[in-house]
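Numbering (this note's numbering), first residue to last: 164 to 633.
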């Protein structure tokens with residue numbers, strides 16, 4: 164962007180998670196694996212007002228995908244999983260940009276990304292109604308419009324987010340920022356037959372997940388630099404310097420930070436790594452979880468507003484709000500990065516991002532289940548709503564148990580308890596408890612969630628993730 168592009172506003176007071184970066188940890192946006200030495204005592208990095216404004220599009224996105232599950236079907240589940248995964252990928256890409264850019268975050272970049280994600284969200288209802296719904300001309304035309312807009316907006320958001328870093332920088336904790344191969348199936352879906360669309364989207368997201376899992380942080384920068392050295396050797400041998408490398412050399416060897424040009428030859432052509440700031444990551448991801456929990460409250464309020472007001476409705480509504488509050492305590496107060504029982508120092512930050520995506524998806528499912536339960540407060544639990552609520556709850560506690568096992572040594576007793584009382588018990592309730600009214604079943608849910616909250620303890624501070632984590 165141009166040098167005159169406005170920067171993000173100063174951080175809002177009290178918006179950051181408590182604590183500061185531990186001594187010896189890398190400051191936000193520091194270079195590693197060949198980067199310059201870092202000064203001690205970095206300033207605390209907090210979410211800016213612009214980043215909080217950007218999150219408004221996530222509010223709309225969560226609401227749109229929750230609406231998809233009001234009439235769950237195999238097609239609706241496919242749209243939810245793939246569409247919500249795409250939304251999360253785009254939001255995370257811009258969150259990572261704000262994390263590494265710090266005080267130099269550009270508001271215009273966030274607004275452009277916000278606009279593209281908004282186009283994706285606006286397409287969700289059309290996808291749910293028309294994608295794969297029959298073979299009539301009207302459905303096919305509607306599919307082409309909504310699916311094409313969604314795919315183009317997704318590609319635009321990913322591309323623009325990838326351009327937010329200076330050339331010659333590699334985000335070691337978010338390798339998909341420098342890998343475009345996962346976008347190719349999305350590009351192909353624009354011209355593919357309608358029946359291929361969801362399969363191609365799934366292939367694209369699968370490729371991105373594999374990149375996050377398989378590309379190791381420790382050798383990313385070295386591989387990029389080795390490729391550059393190989394191009395340099397070929398150029399010196401008389402084969403000519405490729406245009407792509409020439410552009411990279413102009414931006415990395417002859418420029419400083421965006422907007423400032425250095426004299427030719429001042430720095431050697433090289434690639435440096437950019438690590439994520441765990442404190443800022445913890446804050447931003449926890450805020451996203453709060454957004455999803457806010458959808459739970461909205462679902463409950465909308466259901467109560469449309470139902471007949473009875474004592475059962477009041478009891479069910481109070482229980483549903485209490486469940487949401489307990490989930491807030493488990494994820495944000497006692498957890499890390501919005502994930503229950505997660506400790507950021509126990510694993511690579513990219514793994515924390517993976518846990519976060521699964522946790523937020525489960526919370527959206529729980530939100531829809533809470534709304535459906537309140538709407539049917541005086542009735543026996545229906546199969547669909549029953550599985551949405553307790554199935555989502557079982558997945559949530561399963562993720563917490565896995566996070567505990569991976570990040571907290573010696574935590575297997577707690578993880579086992581969570582698997583039994585948080586995962587197995589809700590599944591048994593979904594299978595066998597079919598006669599009690601929802602008002603009673605919601606208070607049983609309060610007991611299950613409240614039991615885990617009462618026995619929880621925050622797993623210590625959230626320092627920087629180990630540098631050698633893959």
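All C-beta atoms, glycine included, are put in the ideal place defined by N, C-alpha and C. Computed from a prediction, not measured in an experiment: that's the story for all the values here.
Suppose you measure from the CA of residue 520 to the CA of residue 476; what does that come to, to the nearest Å?
32 Å
Determine the direct distance from the alpha carbon of residue 481 to that of residue 597, and round the result to whole angstroms.
21 Å
Boundaries of the alpha helix (DSSP H) in which residue 477 is found, first to last residue:
474 to 491
So what's residue 499 in DSSP terms, helix, strand or just coil?
strand
Short of 7 Å in beta carbon distance, which residues of its chain neighbour residue 319, apart from the five on each side in sequence? Order them along the chain.
279
Three-state secondary structure assigned by DSSP to residue 544:
coil
Beta-carbon separation (whole angstroms), residue 338 vs residue 370, contact threshold 8 Å
With 8 Å as the limit, residue 338 and residue 370 do not qualify as a contact, their Cβ atoms being about 12 Å apart.
Considering only their Cβ atoms, is the gap separating residue 574 from residue 504 smaller than 9 Å?
yes
Nearest-angstrom Cα distance between residue 445 and residue 501?
7 Å
Secondary structure at residue 378, three-state DSSP: helix, strand or coil?
coil
Out of 572, 584, 469, point me to the one whose CA is closest to residue 540's CA.
469
Counting Cβ pairs, one atom from each stretch, are 3 or more of them under 8 Å apart for the stretch 582 to 599 and the stretch 522 to 540?
no
Is it right to say residue 634 is buried, meaning 16 or more other beta carbons lie within 10 angstroms of its own, or is it exposed?
Any question about residue 634 goes unanswered here, given that the chain covers just 164 to 633.
Grab me the residues of residue 483's own chain with a C-beta within less than 7 Å of its C-beta, minus the 5 sequence neighbours each way, in chain order.
463, 533, 536, 537, 605
When we look at the beta-carbon of residue 298 and count the other beta-carbons within 10 Å, is it buried (16 or more) or exposed?
Confidence at residue 298 is low in this model, with a pLDDT of 37, below 50, so the placement of that residue is unreliable and no value is reported for it.
Which same chain residues, not among the five before or five after residue 346, have their C-beta less than 7 Å away from its C-beta?
318, 321, 367
Grab the span of the alpha helix (DSSP H) containing residue 572 for me, first residue to last.
It is not in any alpha helix (DSSP H) - residue 572 carries neither H nor E in the DSSP assignment.
Do residue 527 and residue 491 have their CB atoms nearer than 9 Å?
no
If we ignore side chains and look at the alpha-carbon of each, how far apart do residue 323 and residue 215 end up?
19 Å
Where does residue 353 fall in DSSP's three states?
coil
With a 10 Å radius around its C-beta and 16 neighbouring C-beta atoms as the bar for buried, classify residue 473 as buried or exposed.
exposed
How many Å lie between residue 650 and residue 348 at the Cα?
Outside the displayed span of the chain (164 to 633) sits residue 650, for which this structure offers no information.
Neighbourhood of residue 227 by C-beta, 6 Å cutoff - its chain only, sequence neighbours within 5 removed
284, 287
DSSP on residue 256, reduced to helix/strand/coil?
helix
Best match in 235, 607, 343, 497 for proximity to residue 479 [C-alpha to C-alpha]
607
Please classify residue 202 as buried or exposed, where buried requires at least 16 other C-beta atoms within 10 Å of its C-beta.
Residue placement at residue 202 is flagged as unreliable, the pLDDT there being 39, under the threshold of 50; the coordinate-derived value follows with that caveat. Residue 202 should be labelled exposed.
With 16 other CB atoms within 10 Å as the buried threshold, where does residue 459 fall?
buried
Per-residue DSSP class, three states only, for residue 369
helix
Closest by C-alpha distance to residue 524, when choosing among 335, 351, 274, 554
554
Given a cut-off of 9 Å on the beta-carbon distance, is the pair residue 556 and residue 611 in contact?
yes
So the alpha helix (DSSP H) residue 513 belongs to, where does it begin and stop?
512 to 538
Proximity winner among 551, 275, 231, 353, relative to residue 313 (alpha-carbon distances):
353
Count the other CB atoms, across all protein chains shown, that sit within 10 Å of the CB of residue 344; report buried if there are 16 or more and exposed otherwise.
exposed
Which whole-angstrom value is the C-beta distance of residue 268 and residue 213, which I expect to be below 8 Å?
7 Å
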